[in-house]
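In our numbering, the protein residues as written are 44 to 505. No residue lacks a Cβ here, since even glycine has one placed at the ideal position from N, Cα and C.
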Amino acid sequence: MWCAAPPGTEAPEPWTWWRDLDRRWSRIVDRHAPYFLGEARLYFARLGDGPVSADPALYAELKGLLPDTAHGLSSAGVASPGGFALWETALEPDDRALRRFVVALTSEADEAASAWAWSDRGGTELPSLARYLLHAAKLRYQLLVWQRDSRARTLRATLESLSAGIRERRAAPGAKGGPATAQWAEQLAEHLVDARILRSELDTLRRTVDIASVNLGRSFDLTGMLVPRGPFTDDRALARSMLERLDDELGYLSAAIDKAEQSAPAKRETPMSADDTSTAPTRDRADRARNVFVVHGRDEFARSQMFVFLRSIGLNPLEWPALRARGGNASPYLSEVIREGLASAQAVVVLMTPDDIVRLHPDLSKRPAETLPSMQARPNVLIELGMALMTHPTGTLLLKLGEQRPISDIDGLNYIDLDDSQSCRQNIISGLRAAGCPVDTMGTDWLSEGDFKGMVAKMRRP
C-alpha cells in the first residue's frame, strides 16, 4: 500500500493523513493478513525544493507522523540515485510479514520515485521496488516456515539415541537380538523415513532461499544503496545467514542419517536357527528391491496394465489394500499409506495420465493460450510425485501418456512417453534397473504383457 497526500496539498494541523489511511487499510486487510505471503506499506512525503538526503534528523521529523504501530528499531536511511530517500521503520523481527517504509522526495523526483515504487507512467508492469519486496517476502516467509516446521534437531536426537541403543545391545556379551531390539529397529526405520523426507524438504527450502536471494539483486541496481543497517543490506544479510544455517542443518542431519543407516540391523532380529542366520537378511533386501510403488490417477485401465507389465519382468507392484494393512490401523490416513508405500519400495513409477481438464483464470495470465482448457494429471498424482522425488530422487520414473499441460515446477525432469513400442518398454526397464530393481528379461513376455496400445487416455482432449 502507498500512503501519500494528494498532489499540491498543504499539510493541515494536526497532520494525520498517514495514520488515517493506515487505520482504514488495516480494517480492510487485517482479517486476510494471515494468508498473505507478505505485505509492505510505503509512506510518501513530498518535501520542498532542494535535494533530499538520508538525514537521520529528517527521518526523526517524519517518524512522528507515522502510526503508533509503525515504530521500532528503524533502519539507516538510503539515498536513491533518483533523488529521494528511504527508511524502513523497523528491522525486527527477521520473519516480519509486514514491512513499512518512509520515502521522502521533492517534486523534481516525483516521476522517478513513482516509476520505482508505484507505476511507470500508468503502466501495468510490476515496479522495481515491488518486485524486490516480493522476493524479500518469499525469503522471510521461508524463514517463518523453517522456524515453524523444522524438526531436524528432534529427529537427529532420536536417530542418535536409537542407533546408540541398538549398537549397545549388539555389543553386549551373548547378544542375539530379540523382540526389544526388533522394536527399536522398527522405530529407527520409521524415523529414517521421516529424516530423509525432511532432508529433501530442507534441500528444497534452501534452493528457494538461494533463488530469492539471487532475484533480490536482479530487481534493480543496488549500487550505493547497501549501506550499513539499511533495509537492503538487512535482506542480503538474512539471505546469507539462512543459507549458511541451512547448510549446517542439512550437514548435521545427513550425518545422523548416515550413522543410523550403518547402525540399522536387518529387519529380522528375533532369534533364528543356524540355517536362517545367513540367508534371512539377504532375502529381506532382495524382496524389497523387487517392490515398486505406482502413483496413478483415476485411469484404472492404465494402472492395471502397468501392474501386468511390472509383474512380467519379475517385480512386485505394491497393492493399495496390502499397504493399508501394513500399518496396523483399520482406518489409516491417506498420507500414512503413501508413506508406507514409499518406504517399502525400491523404485517409484508415476503414471501421468490426462484425467483432469484445467485452465488458468484470465485475470492471471497475459497469454491467451494459458486460459484455454487443457488436460492434466490428477492433483494426487502431482502431490505424490513431489513426495517421490524427495524420498527417491534417483529412483522415480515419470511416465506421461497423451497431451498434457506443461508443469513449470518439473521442467527439465526427464520423462518417458508411454506407448506400446519396444523402445518404450526398454526405457522403463533401464530406469528400473538404474533404481536398483532386479529386472528379469530372460523371456519374451515383457514385450507384450501390459496392453499399452489399448490405453485410450492418449486420445483424450478437453
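Spatial neighbours of residue i within its chain, please: C-beta separation below 7 Å, excluding the five flanking residues on both sides.
| i | result |
| --- | --- |
| Thr320 | Low per-residue confidence applies at Thr320: pLDDT is 43, beneath 50, and the placement is therefore not dependable enough to give any value. |
| Ala388 | Asn334, Val335, Phe336, Leu361 |
| Asp342 | Thr396, Asp398, Ala500 |
| Leu353 | Val335, Pro360 |
| Ala317 | Note that Ala317 scores 45 on pLDDT, short of 50, meaning its location in the model is unreliable; the coordinates nonetheless yield the value given after this. Nothing meets the Cβ criterion. |
| Asp277 | Ser118, Leu134 |
| Arg174 | Ser262 |
| Ser378 | none |
| Ala431 | Val338, Leu385, Val391, Val393, Thr439 |
| Tyr184 | Leu80, Gly81 |
Cα separation between residue i and residue j?
| i | j | result |
| --- | --- | --- |
| Arg84 | Ser162 | 15 Å |
| Gln465 | Pro505 | 29 Å |
| Asp237 | Tyr376 | 16 Å |
| Leu293 | Leu108 | 46 Å |
| Arg242 | Leu296 | 7 Å |
| Leu90 | Ala122 | 15 Å |
| Ser355 | Thr487 | 9 Å |
| Thr197 | Glu203 | 10 Å |
| Pro110 | Ala103 | 14 Å |
| Trp363 | Glu304 | 27 Å |
| Pro411 | Ala100 | 52 Å |
| Leu187 | Leu441 | 32 Å |
| Val380 | Asn423 | 13 Å |
| Arg66 | Val72 | 10 Å |
| Ile240 | Arg212 | 28 Å |
| Ala158 | Thr434 | 46 Å |
For chain D, is any of its Cβ atoms less than 7 Å away from the one on residue i?
| i | result |
| --- | --- |
| Trp60 | Protein chains in the displayed structure number just one, and chain D is not present. |
Going by DSSP in three states, residue i sits in which element: helix, strand or coil?
| i | result |
| --- | --- |
| Ala133 | coil |
| Ser157 | helix |
| Ile471 | helix |
| Pro94 | coil |
| Leu205 | helix |
| Arg213 | helix |
| Ser464 | coil |
| Ala420 | coil |
| Pro271 | coil |
| Lys501 | helix |
| Thr439 | strand |
| Glu343 | helix |
| Ser262 | helix |
| Ile254 | helix |
| Pro405 | helix |
| Phe495 | coil |
| Asp73 | coil |
| Ala122 | strand |
| Ala88 | strand |
| Ala478 | coil |
| Glu312 | The pLDDT assigned to Glu312 is 40, lower than 50, so where the model puts this residue is not dependable; a value taken from the coordinates is nonetheless given after this. Coil. |
| Ala140 | coil |
| Ile300 | helix |
Based on Cα-Cα distance, which residue from the options lies nearest to residue i?
| i | options | result |
| --- | --- | --- |
| Phe350 | Leu394, Glu379, Asp330, Ile381 | Leu394 |
| Arg261 | Arg210, Ala179, Ile381 | Ala179 |
| Gln230 | Ala412, Thr201, Ile240 | Thr201 |
| Asn359 | Phe344, Gly384, Glu379 | Gly384 |
| Leu286 | Arg250, Gly267, Asp264 | Arg250 |
| Phe87 | Ser69, Arg66, Trp60, Ala76 | Trp60 |
| Leu235 | Glu82, Arg382, Ile400 | Arg382 |
| Thr437 | Asp153, Arg194, Ala390, Val72 | Ala390 |
| Val252 | Val95, Gly120, Ala280 | Ala280 |
| Ser193 | Thr434, Pro94, Glu244, Asp92 | Glu244 |
| Leu80 | Asn423, Leu248, Leu176 | Leu176 |
| Gly126 | Ala156, Pro136, Ser171, Gly267 | Ala156 |
| Ser507 | Arg421, Ser206, Asp264 | Here the chain has residues from 44 to 505 only, and residue 507 is not among them. |
| Ala147 | Ala97, Arg62, Ala420, Ser451 | Ala97 |
| Arg468 | Leu490, Arg210, Arg62 | Leu490 |
| Gly445 | Asn470, Asp92, Met418 | Met418 |
| Gly208 | Tyr78, Ser451, Lys302 | Lys302 |
For residue i, which residues of its own chain have a beta-carbon under 6 Å away from its beta-carbon, when the five flanking residues on both sides are left out?
| i | result |
| --- | --- |
| Arg346 | His339 |
| Ala113 | Thr132, Arg143 |
| Asp463 | Phe495, Lys496 |
| Pro453 | The sequence as given places Ile at residue 453; Pro does not occur at that position. Taken in chain order, the list of residues that qualify is empty. |
| Ala152 | Gly125, Gly126, Phe127 |
Near residue i, what residues of its chain come up, given a Cβ to Cβ distance below 8 Å and the 5 sequence neighbours on each side ignored?
| i | result |
| --- | --- |
| Gln190 | Asp138 |
| Ser117 | Tyr102, Lys106, Trp130, Glu131, Thr132, Ala133, Leu134 |
| Ala76 | Glu82, Ala140, Leu141 |
| Gln348 | Gly493, Asp494, Phe495, Gly497, Met498 |
| Cys480 | Ala332, Arg333, Val335, Leu358, Gln389, Ala390 |
| Val482 | Ile356, Gly357, Leu358, Ile472, Leu475, Arg476 |
Given 6 Å as the limit, tell me if residue i has its C-beta closer than that to any heavy atom belonging to the ligand NAP.
| i | result |
| --- | --- |
| Glu492 | Among the ligands in the structure shown, none appear at all, so the ligand NAP cannot be discussed. |
Report yes or no: do three or more beta-carbon pairs, one from the stretch 245 to 258 and one from the stretch 395 to 414, lie closer than 8 Å? No contact exists between the stretch 245 to 258 and the stretch 395 to 414.
Are the stretch 416 to 429 and the stretch 469 to 478 in contact at 8 Å, needing three or more beta carbon pairs? Counting Cβ pairs under 8 Å, fewer than three are found: no touch.
Inspect the CB distances between the stretch 453 to 463 and the stretch 267 to 287 and report whether three or more fall short of 8 Å. Counting Cβ pairs under 8 Å, fewer than three are found: no touch.
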